[in-house]
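Novice: What follows is a single structure, and I will ask about it in a moment.
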């Protein structure tokens with residue numbers, strides 16, 4: 017970079033310095049612009065992936081059913097005080113995902129509906145069978161972990177130019193969404 021500063025000092029007071037300086041800086045400006053585009057696309061893909069993961073996990077949590085969490089039993093007596101039955105009172109309810117297959121189906125359906133822009137045409141590699149994982153956590157939560165690879169021609173070219181590595185042509189992006197069902201007992 018020393019040669020560059022020498023050129024700038026020599027040409028600073030000369031006519032035509034600005035066009036020459038701009039011409040020398042133009043490749044660096046284009047390169048920085050390209051990197052901003054690549055990493056901007058990766059950021060947009062991450063946000064779309066997060067939206068899809070959240071939607072899928074909430075859809076899975078919505079399949080939860082309401083089950084009793086706390087039950088009190090009170091005896092039913094006749095006029096003589098003899099117990100003739102038992103009355104069951106549910107004092108607290110909880111949400112529970114009981115059908116994991118239905119939860120996974122709902123999660124996959126809504127994830128795919130919200131991940132429409134994550135396609136090869138948009139420069140994103142995504143495989144539902146390998147890059148998506150959904151699982152029930154506890155009684156009422158559902159987690160989705162998903163990842164994509166965003167094509168990055170500028171960042172890949174920079175890595176190939178600087179380090180000889182071609183592994184940066186696709187930027188890995190991953191996220192996780194969690195949905196939880198609950199019951200308001202108030």
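Residue numbers (this note's numbering): 17 to 202. Using N, Cα and C, we set each Cβ at its ideal position, and we do this for glycine too.
With burial defined as no fewer than 16 other Cβ atoms inside 10 Å of the residue's Cβ, what is the status of residue 96: buried or exposed?
Specialist: Answer is exposed; the Cβ neighbour count stays below 16.
Novice: Rounded to a whole number of angstroms, what is the C-alpha to C-alpha distance between residue 126 and residue 199?
Specialist: Whole-angstrom Cα-Cα distance: 22 Å.
Novice: Out of 177, 141, 153, point me to the one whose CA is closest to residue 187's CA.
Specialist: For the residues 177, 141, 153, the minimum Cα distance to residue 187 belongs to 141.
Novice: Taking the Cβ atom as the reference point for each residue, do residue 76 and residue 195 lie within a distance shorter than 8 Å?
Specialist: Taking 8 Å as the Cβ cut-off, residue 76 and residue 195 qualify as a contacting pair.
Novice: Could you give the distance in angstroms between the alpha-carbon of residue 72 and the alpha-carbon of residue 55?
Specialist: One C-alpha to the other measures close to 25 Å.
Novice: Terminal residues of the continuous alpha helix (DSSP H) containing residue 120?
Specialist: Run containing residue 120: 116-130, per the alpha helix (DSSP H) assignment.
Novice: Ignore the nearest five residues each way along the sequence and tell me which others in residue 124's own chain have a CB closer than 8 Å to its CB.
Specialist: Contacts found: 72, 144, 148, 150.
Novice: Determine contact between the segment 160-170 and the segment 43-58, defined as no fewer than three beta-carbon pairs at a distance below 8 Å.
Specialist: With the cut-off at 8 Å, the segment 160-170 and the segment 43-58 touch.
Novice: Taking the alpha-carbon positions, what's the residue 181 to residue 175 distance?
Specialist: Going from the Cα of residue 181 to the Cα of residue 175 covers about 6 Å.
Novice: Whole angstroms are fine: how far does the CA of residue 61 sit from the CA of residue 41?
Specialist: Using only the alpha carbons, I get a separation of about 30 Å.
Novice: Can you tell me where the alpha helix (DSSP H) holding residue 113 begins and where it ends?
Specialist: Per DSSP, residue 113 belongs to no alpha helix (DSSP H) and is neither H nor E.
Novice: Can you tell me whether residue 79 is helix, strand or coil according to DSSP?
Specialist: Residue 79: coil per DSSP, three-state reduction.
Novice: Rounded to the nearest angstrom, what separates residue 34 and residue 43 at their Cα positions?
Specialist: Spanning the two alpha carbons is a distance of roughly 15 Å.
Novice: Given this structure, state the Cα-to-Cα distance separating residue 193 from residue 139, to the nearest angstrom.
Specialist: If you take the alpha carbons of residue 193 and residue 139, they lie about 23 Å apart.
Novice: Quick one, are the C-beta atoms of residue 122 and residue 152 less than 8 Å apart?
Specialist: Contact flag unset, no.
Novice: State the Cα-Cα distance for the pair residue 23 and residue 48, rounded to the nearest angstrom.
Specialist: Taking the straight line from one Cα to the other gives about 22 Å.
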